[in-house]
């Protein structure tokens, strides 16, 4: 399997309080990845 790593910038400062995806899970554009408070 092809592995990919992408840098993602948050739209705001804060603390990551939850991760919305699992390792290996495929995601689509605009899928929430984390919750930032």
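Numbering (the numbering used here), first residue to last: 1 to 37.
Every residue, glycine too, gets a C-beta built ideally from N, C-alpha and C.
In this text, all values refer to a predicted model and were calculated from it rather than measured experimentally.
Here residue 29 is not near residue 14, since their CB atoms are 8 Å or more apart.
C-alpha of residue 27 to C-alpha of residue 33: approximately 8 Å in a straight line. One Cα belongs to residue 2, the other to residue 24, and the distance between them is close to 11 Å.
Per DSSP, reduced to three states, the secondary structure at residue 36 is strand.
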